[in-house]
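Colleague: Here you go, one structure.
Number of protein chains: 6
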Amino acid sequence: MEQNIRVADMTPGQHIQGFYILKDIRNKTSSKGSPFLSAKIMDATGETEAKMWDYSGPLNAEDSGRVMLVRGEVTEFNGALQFIIQRIRPAEAGDRYDVRELVPSAPIDQEAALSEVREILASMEDGEYRTLCQAMLERHLDSFCTIPAAKSVHHAFRSGLLMHTLNMLRAADFLAGLYGEVIDRSLLLAGTFLHDLGKEREMVRSELGMVRDYSVPGMLLGHLYMGAKEAAELAQEQGMAEEKAMLLQHLILSHHGQPEFGAAVEPQCAESELLSLIDLMDSRMEIYAEQIADLKPGEFSGKIFSIGKAVYRHHNSE
Amino acid sequence: MEQNIRVADMTPGQHIQGFYILKDIRNKTSSKGSPFLSAKIMDATGETEAKMWDYSGPLNAEDSGRVMLVRGEVTEFNGALQFIIQRIRPAEAGDRYDVRELVPSAPIDQEAALSEVREILASMEDGEYRTLCQAMLERHLDSFCTIPAAKSVHHAFRSGLLMHTLNMLRAADFLAGLYGEVIDRSLLLAGTFLHDLGKEREMVRSELGMVRDYSVPGMLLGHLYMGAKEAAELAQEQGMAEEKAMLLQHLILSHHGQPEFGAAVEPQCAESELLSLIDLMDSRMEIYAEQIADLKPGEFSGKIFSIGKAVYRHHNSE
Amino acid sequence: MEQNIRVADMTPGQHIQGFYILKDIRNKTSSKGSPFLSAKIMDATGETEAKMWDYSGPLNAEDSGRVMLVRGEVTEFNGALQFIIQRIRPAEAGDRYDVRELVPSAPIDQEAALSEVREILASMEDGEYRTLCQAMLERHLDSFCTIPAAKSVHHAFRSGLLMHTLNMLRAADFLAGLYGEVIDRSLLLAGTFLHDLGKEREMVRSELGMVRDYSVPGMLLGHLYMGAKEAAELAQEQGMAEEKAMLLQHLILSHHGQPEFGAAVEPQCAESELLSLIDLMDSRMEIYAEQIADLKPGEFSGKIFSIGKAVYRHHNSE
Amino acid sequence: MEQNIRVADMTPGQHIQGFYILKDIRNKTSSKGSPFLSAKIMDATGETEAKMWDYSGPLNAEDSGRVMLVRGEVTEFNGALQFIIQRIRPAEAGDRYDVRELVPSAPIDQEAALSEVREILASMEDGEYRTLCQAMLERHLDSFCTIPAAKSVHHAFRSGLLMHTLNMLRAADFLAGLYGEVIDRSLLLAGTFLHDLGKEREMVRSELGMVRDYSVPGMLLGHLYMGAKEAAELAQEQGMAEEKAMLLQHLILSHHGQPEFGAAVEPQCAESELLSLIDLMDSRMEIYAEQIADLKPGEFSGKIFSIGKAVYRHHNSE
Amino acid sequence: MEQNIRVADMTPGQHIQGFYILKDIRNKTSSKGSPFLSAKIMDATGETEAKMWDYSGPLNAEDSGRVMLVRGEVTEFNGALQFIIQRIRPAEAGDRYDVRELVPSAPIDQEAALSEVREILASMEDGEYRTLCQAMLERHLDSFCTIPAAKSVHHAFRSGLLMHTLNMLRAADFLAGLYGEVIDRSLLLAGTFLHDLGKEREMVRSELGMVRDYSVPGMLLGHLYMGAKEAAELAQEQGMAEEKAMLLQHLILSHHGQPEFGAAVEPQCAESELLSLIDLMDSRMEIYAEQIADLKPGEFSGKIFSIGKAVYRHHNSE
Amino acid sequence: MEQNIRVADMTPGQHIQGFYILKDIRNKTSSKGSPFLSAKIMDATGETEAKMWDYSGPLNAEDSGRVMLVRGEVTEFNGALQFIIQRIRPAEAGDRYDVRELVPSAPIDQEAALSEVREILASMEDGEYRTLCQAMLERHLDSFCTIPAAKSVHHAFRSGLLMHTLNMLRAADFLAGLYGEVIDRSLLLAGTFLHDLGKEREMVRSELGMVRDYSVPGMLLGHLYMGAKEAAELAQEQGMAEEKAMLLQHLILSHHGQPEFGAAVEPQCAESELLSLIDLMDSRMEIYAEQIADLKPGEFSGKIFSIGKAVYRHHNSE
């Protein structure tokens, strides 16, 4: 009996016991009339089909997404792995497992990343923007460090928002220098830090922090509106000058670039224009990174829905 | 010397004294080198070219849009009227004239219209929506009654917003009955009343209430965002239930129907869908009314920019 | 043995005999080589899977859509109901059943609705338009009262056209008053009544009145052209003045609003503009009604193909 | 005094008497207060500015487009020709001039072209289509031979429709052979001959046959609908089989190819698809011919509105 | 035992031996755990499902697309044919079969078609264009005669490019005469011949000449660029005048007509405009031909992805 | 008499002699019949209207764009400056003036910029890419340092291409580090350096290096195609590996990002995606910089054609 083998390392014939997440649980009936459980087991490295024969409960669809202690055997069926469960129970208080090994997470050091965000915020020349951003960070600290940046598409994993925001802050910092003639560095950095904070309320997450769906306010109001409104309220509390508060709201409301991509208004100052391009650039680069990871050099992906085209992994980039 | 002849009634040869608005004032020099003033005089009935020969000031471009006491003669030049000014001075305290005769206004009885708006608001079944709308009306009473509904396009005259809102409330009241199965009457009426209140901050107006331009917040934030945010803040003060406050914001944010027409989010409940259609319907009908007023039966207009097509006045509709 | 249990009320274990429609009939062979019949049984309340084991005919795919007398047992398979047929024969002359209980129908009183349509037509001020509409109603009386308004999307049930047209006439009647300055009430009502009559020829219906498909003329010519042409021919027979006949045709040809939504020409008079908006409004409200009926308060639908977005059922609208 | 010099051949200093069309007539007043007439004189070869000093009538804007007997002198003003009129009167009964020299006409032999059209129609294998086309030709003979194919854009000259239709018939005849497997030659030729006949009612022409504007039915119904309806009525009179009549209507209704280019329905059979492409091809080739005529080899035109791009005349095509 | 029965002629019960292509080979395991081979067998007339029970290799997915000598029995499963393989081996040197009977090919006489292409090229008046085209033909002779014109959509069979190019040359030859005023015949014919030659490098083909996929250069550079570049290099070797070489490249780069259809530049001379229309016409007519072949008169196809609409086969075109 | 006053510093009353460029020269006739010259005089700081009374030649339209020695007086006409020329002659060999003071130039130190470009090229890890770029730089050295990056829109001044390319190289260098996981630094830098080199042949320049128009090859082939082809030919000469040469061409062909913005193919690897975004970013930032230079804080520009919206200059960015 092997312990906690990672899903990506499973091979037929192994007898395994370990903690996994059970997804897509369904109670079914075989053609001979006997009940069984169909599901997927997953951890941060991947997922595979699972069956438990002659099982009629109590676990059911409502338990999907929970951590389970599972014992069973890895088999093969029609060319794919299938995990045959022999015993199963939900994880309990006192069980010892590491959530980060079960849920896909950003490939970053979370503490170091947070420190770097704090440093960049501390470097802002404009005191009002700096104070507001720092207050906002403390208010949303936990979710800022852990939520994904999207439901799917890109950075759709634990700490995705932190990784996405930090990358964008680094780019914004450099580009504020390159285009120093037209860019107010503090405004650009503040808008960059704040632009996706409204996503916390836009998504419904499972107890393990994975996005289950868009929330009702997320659908009816959107994260641009919610983020801009919260920033405006805090700016007013802090007595920020009206134009500066307005510019912050403008950057958040316009960061999707164009109405057809969800922008509530179009960028109309240099900082909002640049912010929308940095956001586009970072999400595109992450889409390429995620796609290329699954390709061999010389291969094309299939058509990717979010960008409407296939991508190529060339030999140089090994 | 005739007094206060309406611009639409002027004919060559008249000697006139009266109060008019002077627009587009420019100080020019003739080919012989003598200075003169070029402008337009207007009242609620129309406008015509005006010249004052051998005039070098003090009136200049900055005085455009002010009421003046003017004396002069109506002449004709190249087939069009031209008013030759002989004496001119800005209106002063104590002068007696009626602004409504000088500035184009909605063809409605303002007091009766306001009463009807109050009645419809008072008829809302939902106490929370009713209270919020009534508070909002008192807060914005003056501008609600006097501002235009747009810079141009439709209802671009004094009290245009009042006229537009009342017409829409009447339609909303009827349609809430016709589609009673899916429409919450109070929500629809509240959204209808509130939908354009953000326009007060979106436009810069002259002292006479005519729209001079979009304001900076109007350009960078838009009236949908500003209106939704104010409604949300008042709803919170009043302790309105969260979903109800969210629905109000959703109706305001989505009332342009589609992102390419400026909606911050798309309508996703029956009331927001219907509100966006009532708004479209009322603005279209007003565009037709304004265009048809200038056509003879059997005539087509030229192509109208805001709707991208010409309109026809048929003989039935006389 | 229970009689004529409605499909929506079936539960596993019931032994049932009754009249149902059989859809999607297919003759199949099991993995052991024995023939069986696979189909769906439906009535106005819903549909469910059905199987008849060891059945090799004579019923086959060509009998899909016919009324059958069925006896069998309700079972459950993989979490869904499955009706196991034991005996089956097509309905015969003399069988007693009510088509309205088998085919989904508009939730209206057909006779009352027709009376109201007649009243509104009779109220038209313009005698020529009134006469034409009344003649057209008598000519198409049966199909006007029974056909759906569409193959799918909205009002896709028996008497859907009657329900859709009546709702639109009510709205047109009210709005002709609200916009009396630019709307010729008789023209608007006539166009509203006539706008979808061409649908009779556009669709191929089963013997029970359900739309099976678009007809060949429906695909190659469209209901706008066919409806306008028939109205024009009747108008000519009645000696209607040329402009009035032309306006009727224009309203029919343009009622889809924009070329990309199927309009043969764009609306260019106030009545055609308003008609196209009333049509859009009534179809949208019906789509919401049909969707919301399947949702619980607080729930979103999935993305709806015809409108390209999801819709929300809020708690107010219970 | 030279007689009837063509406008394209005028040079400064000539004293001329001749028949010309006067366009864009306006009565103006000089800066010194004396009245004069401003207009353009044109014939089939071109047009130039014209002035008649100290002229106050009776000719005025309403006389634009009429043939005049003019005497005057060719001068030059700011680098362009200017015709100074000394005497002028409208042409009278008995005056001898050739309309074809005054109005731009298709560069074809009208009689030969008509003969060729008749031959192609006579060659149609299908008797019903042939009869209908021949009857339609006789009914519209005069206008078919003389009207332009468009108000502007392409073939916007006398006999433009004849030239356009003949070219398309030639192409259709050849392509019906090349794609004989999928093309019914008679149907394609019939659709080609009929496709633009509705243009006769779509345009308002001056007494000289030049298009002044779109007609009211042209705007509200369009030439596709009017042409299809007339063909349908004649087909019915002749007892044509229903599918064949339907196909003819389909070809006419769909010949603009796509809804956004004005097609009432999309082409859905091989003949309608091909007809729409032949129409596109012939209009494009004529646009190039008209543009290239004004260019020197090696030159680009400016951006042409109807096709949204510039065109190049290369050296090969001399 | 029957020999080499065509797939389209197979009926249940036949025992057959013959050469076929095996596609989509997969090694599977039955629910009882025994291995089997699942595949399709095809020849030029069609394809059908095939199974080989208790088969565990050596053939596998990598052998898909190869010619095999197969022995087995035709059976029926769930209303469709299923070929049960009893013996199988790959074709070997010395086996006698005709590739043209196994792979779908253009319905043309390849030798006659090539002769006609040679004749048309030889008829070009311009010696430089003629020389270049003839050299290009010899250089690509084999692939020009055998490759498909596309991966799917139209002419997606052996010798499809030859058939497509010849049809277009015939049309170009005729239309160069019809539009002789604006069309340089040699340039149009040269562009037509060259326009798709870049497709040779754009597609990856199996050993039997069927397109397996787009190649990497095909995806990253496209056949327009590759074709234009090769033509330019050969023109330079031959010392062709610069404008003429530029025009050839322009025709190739623009033959998709519009950027959204893949044109690298828009057509801007008469020949490039016409070439893009001839290409569109020939591909559309082939799509209709391929679709109509599968329809009965009076039937509509389903919606066809490449043209976004259904097509109709009428009774005339039998 | 003042010498070489910059156009931006001219005030009414000055008597000036100096070297200026004369643009838009036209020979006109006054209303009294006397000839005069109308033109604009410009230097790097701006331009103003100019007149020379009683002048009939020899200078004419063909001399537009040349440097002239001019003497005259600054006057005012209708609120704008007007330069009255008293003497004028074209600059001659031996005249001493600095072209950089007459033609608008990039606000950079040309030598330093070129050095930095050289350094970045020298830092490329990949020897093949480095060699090719360095060879290309030497081949195009002069034009690379002096031509504008566009005819208008952005960087439309002397050395605009150098400034644009250097800025993009700096950004590419930084971003290649930030996205090191997916970006091949050498490929990105090579593509960035090469992307606009085809512009040299795309534009026709005056003797002073200002863009007069697009060239014929620029219109018919485009700078993407010409640049990619030249790079490919040089790569082949140098024996570069095929995939690497293909990637370079792909980056150049796709750098406009989308077909509707002129991309010949869409970006499909991480480096081409990023290059297209860096190009978009640098051109946008320059548009903002050029627009904001003409605005006061708190002001909006008018609608800018190239980006379809107005831009705002806020108070922060002073």
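Those sequence lines, one after another, are chains G, V, R, X, H and U.
Here the first sequence is numbered in numbering that gives the first Met the number 0, starting from 0 and rising by one per residue.
Here the second sequence is numbered in numbering that gives the first Met the number 0, starting from 0 and rising by one per residue.
Here the third sequence is numbered in numbering that gives the first Met the number 0, starting from 0 and rising by one per residue.
Here the fourth sequence is numbered in numbering that gives the first Met the number 0, starting from 0 and rising by one per residue.
Here the fifth sequence is numbered in numbering that gives the first Met the number 0, starting from 0 and rising by one per residue.
Here the sixth sequence is numbered in numbering that gives the first Met the number 0, starting from 0 and rising by one per residue.
Backbone N, C-alpha and C fix where the C-beta goes; we use that ideal spot for every residue, glycine too.
Since the structure is predicted, the reported quantities are computational estimates derived from the model, not experimental observations.
1. Check whether the Cβ of Lys50 (chain X) lies closer than 8 Å to any Cβ atom in chain V.
2. If you draw a straight line from the C-alpha of Val73 (chain H) to the C-alpha of Phe76 (chain R), how long is it?
3. Determine contact between the segment 151 to 165 of chain R and the segment 94 to 105 of chain R, defined as no fewer than three beta-carbon pairs at a distance below 8 Å.
4. Determine, using beta-carbon pairs with one atom in the segment 223 to 236 of chain H and one in the segment 251 to 260 of chain H, whether at least three such pairs fall under 8 Å.
5. Distance cutoff 8 Å, beta carbons only. Does Leu174 (chain U) sit that close to anything in chain G?
6. I'd like the list of long-range same chain contacts for Met41 (chain G), defined as Cβ closer than 7 Å, with 5 residues on each side in sequence excluded.
7. Using a Cβ-Cβ cutoff of less than 6 Å, which residues in the same chain neighbour Pro89 (chain U) once the five nearest sequence positions on both sides are dropped?
8. What are the partner residues of Arg65 (chain R), as DSSP defines its beta bridges?
9. Taking Phe82 (chain R) and Ala60 (chain R) to be in contact with their CB atoms under 8 Å, please state how far apart those CB atoms are, rounded to whole angstroms.
10. Is the CB of Cys268 (chain V) under 8 Å away from at least one CB in chain R?
11. Measuring only the C-alpha atoms, how far is Gln387 (chain U) from Glu127 (chain U)?
12. Ends of the alpha helix (DSSP H) at Lys50 (chain G)?
13. Determine the closest residue to Met245 (chain R) out of X:Leu219, X:Met123, X:Glu272, with distance taken between C-alpha atoms.
14. Comparing C-alpha positions only, which one of G:Leu177, G:Ile119, G:Arg200, G:Glu241 sits nearest to Gly297 (chain U)?
15. Under a CB-based cut-off of 8 Å, is Met41 (chain V) close to chain G?
16. Against chain H, with Cβ distances strictly below 8 Å, would Met280 (chain X) count as a contact?
17. Looking at the structure shown, is Leu36 (chain V) part of a helix, part of a strand, or coil, going by DSSP?
18. Any idea what DSSP makes of Arg5 (chain X), helix, strand or coil?
19. Do you know how far the Cα of Asp97 (chain G) is from the Cα of Ile84 (chain G)?
20. Gly78 (chain U): buried (16+ other C-beta within 10 angstroms of its C-beta) or exposed?
21. Kindly indicate which three-state DSSP category Asp281 (chain R) falls into: helix, strand or coil?
22. List, in chain order, every chain H residue whose beta-carbon is nearer than 8 Å to that of Asn77 (chain G).
23. With distances taken from CA atoms, which of H:Tyr287, H:Asp94, H:Thr130, H:Asn26 is nearest Gln237 (chain H)?
24. Would you mind stating whether His153 (chain X) and Glu289 (chain X) have Cβ atoms separated by less than 8 Å?
25. Closest to Thr47 (chain R) by CA distance: which of R:Gln13, R:Thr28, R:Lys27, R:Met9 is it?
26. Suppose contacts are defined by Cβ-Cβ distances below 8 Å. Is Leu276 (chain V) in contact with Arg169 (chain R) by that definition?
27. Return no unless some Cβ of chain V is closer than 8 Å to the Cβ of Ile87 (chain R).
28. Taking the C-alpha atoms as reference points, what is the distance between Ile146 (chain H) and Ile303 (chain G)?
29. Could you tell me whether the Cβ of Met218 (chain X) comes closer than 8 Å to any Cβ of chain V?
30. Name the DSSP bridge partner or partners of Thr74 (chain H)?
Modeller: In short, the structure shows the following:
1. No, no contact with chain V.
2. Going from the Cα of Val73 (chain H) to the Cα of Phe76 (chain R) covers about 33 Å.
3. Cβ pair count under 8 Å is three or more, so yes.
4. Result yes; three or more Cβ-Cβ pairs closer than 8 Å.
5. It does; some Cβ of chain G falls within 8 Å.
6. For Met41 (chain G), where only same-chain residues beyond five positions count, the Cβ hits under 7 Å are Val6, Tyr19, Ile20, Lys22.
7. By the criterion of a C-beta distance shorter than 6 Å, Pro89 (chain U) is surrounded in its chain by Arg65, Met67, once the five residues flanking it on both sides are discounted.
8. BP columns for Arg65 (chain R) point to R:Leu21.
9. That belief does not hold up - the Cβ atoms of Phe82 (chain R) and Ala60 (chain R) are roughly 18 Å apart, past 8 Å.
10. Yes, its Cβ sits closer than 8 Å to a Cβ of chain R.
11. The first residue shown for chain U is 0 and the last is 317, placing residue 387 (chain U) beyond what the model contains.
12. No alpha helix (DSSP H) contains Lys50 (chain G), which is instead part of the beta strand (DSSP E) from 45 to 52.
13. The candidate whose alpha carbon is nearest that of Met245 (chain R) is X:Leu219.
14. With distances taken between Cα atoms, Gly297 (chain U) lies closest to G:Glu241.
15. No, because no Cβ of chain G sits closer than 8 Å to the Cβ of Met41 (chain V).
16. Yes, contact with chain H.
17. Looking at Leu36 (chain V) - three-state DSSP - the assignment turns out to be strand.
18. Arg5 (chain X): coil per DSSP, three-state reduction.
19. Between the C-alpha atoms of Ile84 (chain G) and Asp97 (chain G) there is a straight-line separation of about 21 Å.
20. Gly78 (chain U) should be labelled exposed.
21. The DSSP-derived three-state label of Asp281 (chain R) is helix.
22. What Asn77 (chain G) touches in chain H: Lys27, Thr28.
23. Comparing alpha carbon positions, the residue from H:Tyr287, H:Asp94, H:Thr130, H:Asn26 closest to Gln237 (chain H) is H:Thr130.
24. His153 (chain X) is a Cβ neighbour of Glu289 (chain X), given a cutoff of 8 Å.
25. Per the Cα distances, R:Met9.
26. Going by beta carbons, Leu276 (chain V) and Arg169 (chain R) fall outside the 8 Å limit.
27. Ile87 (chain R) does not count as touching chain V.
28. Near 29 Å, if we compare the C-alpha coordinates of Ile303 (chain G) and Ile146 (chain H).
29. It does; some Cβ of chain V falls within 8 Å.
30. Partner(s): H:Gln81.
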